[in-house]
Each structure stands twice: as C-alpha cells, then as structure tokens.
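Structure, as structure tokens:
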Amino acid sequence: MCVSATVRDAYALGLGADWLVNYWGYDENLYRLAGKAAEGAMCAGPAYFFADSRGKMKLVHDYAAKYNPGIPAKDRIKFTVTAWANVLLLREALIRADKAGDLTGPGILHKGFETMKDFVILDGGLGTSPVTFTSTDHRTT
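Residues in the sequence shown are numbered consecutively from 120, following this note's numbering.
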C-alpha cells in the first residue's frame, strides 16, 4: 500500500503533514501498516468499515461468516461493505427494470438505475448516502 509507505516515511522525516486520503488508499490496513504515523489521517468514505457494528452491519458480518468462513473478521476490510452496497443497488435496478417489463441492458440502465432518486440502500444501514441516477449523470450522488 503506497499510502502507508508515504505516510510512514513522512512521519519518519518529521514532515508533520496532515493526510487527506482518497477512498482507495484509506482502509483498515493503513493503520496496520503505518502505525502511529497514520494517526489523524482522514478520508470521506461511502460506507461503514467492516468492523463497524452500526445499522445493518450484523447482516453483512453474518453472511461473510456463513458463506466465506475462511477469512476471519479481523482480516476483512471496508470493500466487503462497499461490494454489498453495490450489489444491493444493482438488485434494486433489476427489480425496477423487471417491473417495467424490460430486463435488458438498456432497460436495466434506463428503467432501473435512472429511476432512482434519493434511493436509500438497506435503510442507510451500511452507512451509505441516498443514491440518485439521472439520464445525464450515472455517477452516484
């Protein structure tokens, strides 16, 4: 993880830098790899970390233990939660497109995703914000 190496090296050199790290460089491993050097590092993330117990995280923990028991909870990271949110978002788009009678690629896009306005995944139980897609903007908001 290059972020942890950079943070660790800057700390060792006494640079006194503040760290605002993007989502992909900031996870549970940052603190394991950079230790004290990572204290105070910040990141805005779209979902809870795996170890979080708020909301509907028990559901994620239970499924992870049941269907992939070879990976202990202590070794799981936030990307498990993000993947859950993404799959639930796709599920909702599929349900909407199917209800509209158009379960094709374009149908899933237009009659599924593009009909979502302030859609809340699992009642916000994964720490995600409401999601909106439009015909001109397919980035989640």
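Quick reminder that beta carbons are idealized off the backbone N, C-alpha and C, glycines included.
Keep in mind the model is a prediction, meaning the values are calculated, not measured.
Query raised in the report: Among residues of its own chain, excluding the 5 on either side of D237, which ones have a beta-carbon nearer than 7 Å to its beta-carbon?
Result: Looking up residue 237 in the sequence shown gives position 118. The residues are P249, T251.
Query - Coarse secondary structure for F169, derived from DSSP in three states - result: Translated into the one-based positions of the sequence shown, residue 169 becomes position 50. F169 falls in the coil class under three-state DSSP.
Report task. Pick out whichever of F169, R173, D181 has its Cα sitting closest to the Cα of F198. Result -> Working through the sequence shown from its first residue, we reach residue 198 at position 79. It is F169.
Query raised in the report: CA-CA distance, K230 and D242?
Result: On the sequence shown, position 111 is the one that residue 230 refers to. On the sequence shown, position 123 is the one that residue 242 refers to. Distance between the alpha carbons of K230 and D242 is about 22 Å.
Query - Beta-carbon contacts of A106 that lie in its chain and below 6 Å, excluding the five residues immediately before and after - result: With the chain covering only 120 through 260, there is no way to say anything about residue 106.
Query raised in the report: With burial defined as no fewer than 16 other Cβ atoms inside 10 Å of the residue's Cβ, what is the status of D256: buried or exposed?
Result: Start at 1 with the first residue of the sequence shown, and residue 256 comes out as number 137. So D256 counts as exposed.
Query raised in the report: Is it true that the CB of G246 sits closer than 8 Å to the CB of A192?
Result: Reading the sequence shown from its first residue, position 73 is the one you call residue 192. Reading the sequence shown from its first residue, position 127 is the one you call residue 246. Not a contact, by the Cβ cut-off of 8 Å.
Query raised in the report: Among the residues of its own chain, which have a CB less than 8 Å from the CB of Y142, if the five just before and after it don't count?
Result: As a first step, residue 142 is located in the sequence shown; it is residue number 23 there, counting from the start. C162, A163, G164, P165.
Query - Check whether A204 and R195 have beta carbons under 8 Å apart - result: As a position in the sequence shown, residue 204 is number 85, starting the count at 1. As a position in the sequence shown, residue 195 is number 76, starting the count at 1. For A204 and R195, no; Cβs fall outside 8 Å.
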